[in-house]
Amino acid sequence: MRIGVFCTYENPVRDYKACFDAQTRLVRRAEEVGFEDAWVAEHHFDDDAVSPSILTLLSYLAGVTSRVRLGSAAVLLAFRNPIQVAEDVATIDVLSNGRFDFGVAKGGPFPAQNKHFHAAKEDSRDMTLEALELIERLLYEDRVTFSGAHFHVDDLALCPKPLQKPIPTWIATSTPSAVEYAARKGFGIMAASPAPIAKIEQTVAAYRATGEGADPRLALARFYYAAETREKALAEALPFIARFADRMRGIFLAQNAPASFDPQEIVERSLIGSYEELAEKIVDIHRRLGLGSLLLKPATANESLALASLDDFAAKIRPRIEAALA
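Each position in the sequence shown, counted from 1, maps to that position plus 15 in this note's numbering.
Laid out in structure tokens, this is it:
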């Protein structure tokens, strides 16, 4: 099981430069303490999640790291030109010396994105899968002619080509048809922070049901904060979780959609507690799901505490996990 940090570029003080610098320091600290992965989310038009130019951010991180793998979680393909995405992905893979993981998604419940990128919600899934098919061909074939419902190219040769052939590819989804598609293609699956473990077990089962030998690479993101006691961890993390819950509840209510973002429920689905408690919880999750990567999102707006939380995981939690799984 690989350990990674999950970067959403939160911006509590509304200072973009400070936001970018803080997340860069978080990734570099993750690399220093032995984490294997760093993944970046894509969000648009949101002062609380300032990562619209996900591939630009990953390109920058490639230049300030040397070992940690860098992943997109996830590129919203329905909102982008797939030719340019293929060029950017190949460039990042070369710049990082083959350390890139390519995660994609169709986009979440944010209607402003569909409106302003002129991608109808009902078309976004088909656009995403068609774009991904074209990107795969552009990355690995010499010359490509492609005619789909949304995208067309004629005798196109992409340059540069990536170092990895293939680049590990992931889809953020729990939709049965998309899970089946990922299984057929051998792509990994990404699961979001608030998703219940029982639901993710269903996704894993659906992946495996597609055929003999189908075994998903699963990347699970979770809010995380650890301390000597559960009470101390909750005292620091709960304000961050409550703010996240309020923000998401507002987004859903604005669409007259059902909203169930109870902070206590989110805490129960997160990794928040004492060092010993979290080690036991992670071991249990790994045994239930067969994790490929566990991605930790520090549940604090305090940068010093976020950095220290990575130190604590490396020194006080990971050794317990490795001993239990040995």
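Just so it is clear, CB atoms sit at the ideal spot from N, CA and C, and this is done for glycine as well. None of the values given here were measured: they were computed from a predicted structure.
Exercise for the section: Go to H301, then tell me how far its alpha helix (DSSP H) extends in each direction, as first and last residue. Expected result: Y290 to L304
Exercise for the section: Report the partner residues of G19 according to the DSSP bridge assignment. Expected result: D52 and L310
Handout entry: Span of the beta strand (DSSP E), counted from its first residue to its last, around A321
Key = Looking at the DSSP string, A321 is not in any beta strand (DSSP E); the run it does join, the alpha helix (DSSP H), is E318 to D327.
Problem - Span of the beta strand (DSSP E) around F117 - result: F115 to A120
Handout entry: Beta-carbon contacts of D170 that lie in its chain and below 7 Å, excluding the five residues immediately before and after
Key = R158 and T160
Practice task
Would you please state the rounded distance, in angstroms, between the beta carbons of I215 and L310? I believe it to be under 8 Å.
Solution key: Wrong, their Cβ atoms sit about 13 Å apart, outside the cutoff.
Exercise for the section: Along the alpha helix (DSSP H) that carries T184, what are the first and last residues, could you check? Expected result: Here T184 belongs to no alpha helix (DSSP H); instead the beta strand (DSSP E) covers T184 to A187.
Handout entry: Any non-hydrogen atom of the ligand MG within 7 Å of S139 CB
Key = The ligand MG is absent from the structure shown, which contains no ligands of any kind.
Exercise for the section: Drop a sphere of 10 angstroms on the beta-carbon of S319, count the other beta-carbons inside from all chains shown, and report buried for 16 or more, exposed for fewer. Expected result: exposed
Exercise for the section: Using beta-carbon positions only, say whether A260 and I281 come within less than 8 Å of one another. Expected result: yes
Practice task
Could you tell me which of I150, E51 and E195 sits nearest to R17, measuring between CA atoms?
Solution key: E51
Problem - Sequence-distant residues of the same chain with beta carbon closer than 8 Å to L110, five excluded per side - result: S74, A77 and G78
Problem - Inter-residue Cα distance where the pair is E292 and M263 - result: 28 Å
Practice task
Determine the contact status of A234 and G203, defining contact as a CB-CB distance below 8 Å.
Solution key: yes
Handout entry: Coarse secondary structure for S111, derived from DSSP in three states
Key = coil
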